[in-house]
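Undergrad: So the sequences go chain by chain: A and B.
Going by UniProt numbering, the letters in the first sequence line up with residues 1 to 172, in that order.
Going by UniProt numbering, the letters in the second sequence line up with residues 1 to 172, in that order.
Protein chains: 2
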Amino acid sequence: MTTEPPEPPAAEPPSADLLAVLPRITRLSSALTKGRLIERATAEAGLALDRPAVGVLVSLRTADKPLRIGEIADRMQVVGPHVTRQVQALEKRGLVRRVGDPHDRRASLIEPTEAGTEAANRYVASLLGWFAEALAGWPQQDRDDLARLLTRLADDVTARLDRFDEEGGGEV
Amino acid sequence: MTTEPPEPPAAEPPSADLLAVLPRITRLSSALTKGRLIERATAEAGLALDRPAVGVLVSLRTADKPLRIGEIADRMQVVGPHVTRQVQALEKRGLVRRVGDPHDRRASLIEPTEAGTEAANRYVASLLGWFAEALAGWPQQDRDDLARLLTRLADDVTARLDRFDEEGGGEV
DNA sequence: TATTGTTATACTCTATAACTATA
DNA sequence: TATAGTTATAGAGTATAACAATA
Chain A
1 MTTEPPEPPA AEPPSADLLA VLPRITRLSS ALTKGRLIER ATAEAGLALD RPAVGVLVSL
61 RTADKPLRIG EIADRMQVVG PHVTRQVQAL EKRGLVRRVG DPHDRRASLI EPTEAGTEAA
121 NRYVASLLGW FAEALAGWPQ QDRDDLARLL TRLADDVTAR LDRFDEEGGG EV
Chain B
1 MTTEPPEPPA AEPPSADLLA VLPRITRLSS ALTKGRLIER ATAEAGLALD RPAVGVLVSL
61 RTADKPLRIG EIADRMQVVG PHVTRQVQAL EKRGLVRRVG DPHDRRASLI EPTEAGTEAA
121 NRYVASLLGW FAEALAGWPQ QDRDDLARLL TRLADDVTAR LDRFDEEGGG EV
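1) With C-beta atoms as the reference, is A:V99 less than 8 Å away from A:P52?
2) Return no unless some Cβ of chain A is closer than 8 Å to the Cβ of B:G35.
3) When DSSP labels each residue in this structure, what does A:V79 get in the three-state scheme?
4) Write down every uninterrupted run of the alpha helix (DSSP H) in the region 28-53 of chain B whose length is 4 residues or greater and which is fully enclosed by it, in chain order.
5) Where does B:G116 fall in DSSP's three states?
6) Buried or exposed: A:E44, going by 16 or more other Cβ atoms within 10 Å of its Cβ?
7) In the region 137-154 of chain A, which residues sit with their C-beta less than 9 Å from some C-beta in chain B, listed in chain order?
8) Looking at the secondary structure, which residues open and close the beta strand (DSSP E) in which B:G100 lies?
9) Assign A:R163 to one of two classes, buried (16 or more other C-beta atoms within 10 Å of its C-beta) or exposed (fewer than that).
10) Is B:R143 buried or exposed, if buried means 16 or more other CB atoms sit within 10 Å of its CB?
11) Please state whether the Cβ-Cβ distance between A:T113 and A:G94 is less than 8 Å.
12) Give the straight-line distance between the Cα atoms of A:H103 and A:R68, rounded to the nearest whole angstrom.
13) Using the three-state DSSP reduction, which class does B:L135 fall into: helix, strand or coil?
14) Check whether the region 29-37 of chain A touches the region 76-86 of chain A, counting contact only when three or more Cβ pairs, one atom from each stretch, lie closer than 8 Å.
15) Assign A:T62 to one of two classes, buried (16 or more other C-beta atoms within 10 Å of its C-beta) or exposed (fewer than that).
16) Of all Cβ atoms in chain A, is any one closer than 8 Å to the Cβ of B:S30?
17) Should A:V21 be flagged as near chain B, meaning a C-beta pair shorter than 8 Å?
18) Using a Cβ-Cβ cut-off of less than 7 Å, give me the residues of the region 48-82 of chain A that come near chain B, in sequence order.
19) Look up B:S126 in the DSSP assignment and give the residues it is bridged to.
20) Can you give the beta carbon distance from residue 173 of chain B to B:Y123, rounded, assuming they're within the 8 Å contact cut?
21) Quick one: Cα of A:D155 to Cα of A:L135, how far?
22) Since A:V157 and B:L150 are thought to touch, with beta carbons under 8 Å apart, how far apart are those beta carbons, to the nearest angstrom?
23) Among all the DSSP beta bridges, which residues are the ones paired with A:S59?
24) Cα separation between A:P13 and B:A119?
25) Nearest to A:I110 by alpha carbon, out of A:A89, A:L127, A:N121, A:G129?
26) B:S30 to B:E133, Cα distance in whole Å?
27) State yes or no: is the beta carbon of A:R163 nearer than 8 Å to at least one beta carbon in chain B?
If you want it as structure tokens, here you go:
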């Protein structure tokens, strides 16, 4: 497979617009983490949490209902044990609590406490406030378009990747 | 600063479009890495390299001229020692070579070999080909808009983060 | 037997600190 | 003394494997 690919792709470059999109996403994503924007928003919210824990808290706040460990993991696109530890850390700080699932005693449902909900609200507000300032000069049309297109892009890409994985592209 | 922010941000939610953009970027970025799209493209290019090494190779290919270690680090937004190791790995595989900088004997310029250039071309073509398929159904107008808006977003966000860092938001 | 979650461990990527060589 | 790069080490984030409890 390495020496004889079905179609040698090197001949013609795909359209330039595509070539532009990919590095932008990378750059944005790395700017958000390397620029420590998330850490700042966390600090502004008065939280002494690392990023994964904040992710769990925001997932719960966004869900607006108690979630299982597995559900949180799915939404965050991470694996179960990772969530277990983050939830334990959040529990210790009194930001989430467990409520047993009456229908399935293997599972436990996680929900934010009052303090957790408030902290998540402060965090999200801080982050979005920063973004709102960054986009302050944008015409409303452009904001709408960006949100629409980015949503579609994310949907298309993830759907395609899921199919990819399931159809047996898995064993490279 | 934590107790008396100029405008308390918690009261009203910023517009919903903003709230939508952020998780999309996260989701996209994580889909690209978790979905192992990059690993697949690497394998299709016949490369036995990890992601950071591929990043270096693509940086060099994109630059179209020999780069210093420090220049590569800047472009990848990582730190020098990290690049040093990746370049060493690429050297061992014959994908890049060093050419001494005649004007500054402390520095070494890195350039891809023939094999390195070809491998980078194959990799980029594979990745973009995948993306092209994912976006096959999109109207050209939407693609253009997405590229334009995403570029502007990346520019605005990174510029703002840079200012942020330099103006002394640094010591939280 | 399949599923939910936990514990323990390992891996990937990247950063920081200490150092060398040249400027 | 300042800069380019290297070596060695440390840390954050996430994955895999082995296991326990319940379904």
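Think of the CB as a built atom: it goes at the ideal place given N, C-alpha and C, for glycine as much as any other residue.
TA: With the structure as the only source:
1) Sequence index remark: in the first sequence, residue 99 of chain A carries index 99 (1-based). Sequence index remark: in the first sequence, residue 52 of chain A carries index 52 (1-based). A:V99 is not a Cβ neighbour of A:P52, given a cutoff of 8 Å.
2) On the second sequence, residue 35 of chain B is found 35 positions in, with the first residue counted as 1. At least one chain A Cβ lies under 8 Å of B:G35.
3) Within the first sequence, the letter at position 79 stands for residue 79 of chain A. A:V79 carries a coil assignment under DSSP once its states are collapsed to helix, strand and coil.
4) 37-44, all fully within the region 28-53 of chain B.
5) Reading the second sequence from its first residue, position 116 is the one you call residue 116 of chain B. Helix, per DSSP.
6) For the purposes of this step, residue 44 of chain A is taken as residue 44 along the first sequence, with counting starting at 1. With 16 or more other CB atoms across the displayed protein chains lying within 10 angstroms of its CB, A:E44 is buried.
7) Here the close residues are G137, W138, Q140, D142, R143, D144, D145, L146, A147, R148, L149, L150, T151, R152, L153, A154.
8) Taking the first residue of the second sequence as 1, we reach residue 100 of chain B at position 100. Unbroken beta strand (DSSP E) run through B:G100: 96-100.
9) To locate residue 163 of chain A, count along the first sequence from 1; it is residue 163. Counting C-beta atoms within 10 angstroms of its own C-beta, A:R163 has fewer than 16 neighbours from the protein chains shown and is therefore classed as exposed.
10) Within the second sequence, numbered from 1, the residue matching residue 143 of chain B stands at position 143. Around the CB of B:R143, 16 or more other CB atoms lie within 10 Å, so the residue is classed as buried.
11) The count along the first sequence starts at 1 and reaches residue 113 of chain A at position 113. The count along the first sequence starts at 1 and reaches residue 94 of chain A at position 94. With a cutoff of 8 Å on beta-carbon distance, A:T113 and A:G94 are scored as near each other.
12) Residue 103 of chain A sits at position 103 when you count from the first residue of the first sequence. Residue 68 of chain A sits at position 68 when you count from the first residue of the first sequence. Rounded to whole angstroms, the separation of the alpha carbons of A:R68 and A:H103 is 12 Å.
13) The residue you call residue 135 of chain B lines up with position 135 of the second sequence. For B:L135, the three-state secondary structure derived from DSSP is coil.
14) Contact between the region 29-37 of chain A and the region 76-86 of chain A is absent, because fewer than three Cβ pairs lie under 8 Å.
15) Taking the first sequence and counting its residues from 1, one reaches residue 62 of chain A at position 62. Answer is exposed; the Cβ neighbour count stays below 16.
16) Mapped onto the second sequence, residue 30 of chain B falls at position 30. For B:S30, the nearest CB of chain A lies under 8 Å from its own CB, placing it at the interface with that chain.
17) Indexing the first sequence from 1 puts residue 21 of chain A at position 21. Chain B contact via Cβ: present.
18) Using a CB distance below 7 Å, the part of the region 48-82 of chain A facing chain B consists of Q77, ordered along the chain.
19) Along the second sequence, one-based indexing puts residue 126 of chain B at 126. Paired residues: none, contrary to the question.
20) A query on residue 173 of chain B cannot be resolved here, the shown segment of chain B reaching from 1 to 172 and no further.
21) Here residue 155 of chain A refers to the residue found at position 155 of the first sequence. Here residue 135 of chain A refers to the residue found at position 135 of the first sequence. Those two C-alpha atoms are separated by around 23 Å.
22) Working through the first sequence from its first residue, we reach residue 157 of chain A at position 157. Working through the second sequence from its first residue, we reach residue 150 of chain B at position 150. Wrong, their Cβ atoms sit about 13 Å apart, outside the cutoff.
23) For this step, residue 59 of chain A is matched to residue 59 along the first sequence. For A:S59, which the question treats as bridged, DSSP gives no partner whatsoever.
24) Taking the first residue of the first sequence as position 1, residue 13 of chain A is located at position 13. Taking the first residue of the second sequence as position 1, residue 119 of chain B is located at position 119. Annotation note: pLDDT 45 at A:P13 (below 50); position unreliable, no value reported.
25) On the first sequence, position 110 is the one that residue 110 of chain A refers to. Among A:A89, A:L127, A:N121, A:G129, the Cα nearest to that of A:I110 belongs to A:A89.
26) As a first step, residue 30 of chain B is located in the second sequence; it is residue number 30 there, counting from the start. As a first step, residue 133 of chain B is located in the second sequence; it is residue number 133 there, counting from the start. For B:S30 and B:E133, the distance between alpha carbons rounds to 19 Å.
27) As a position in the first sequence, residue 163 of chain A is number 163, starting the count at 1. Any Cβ of chain B closer than 8 Å to the Cβ of A:R163 would place that residue at the interface, and such an atom is absent.
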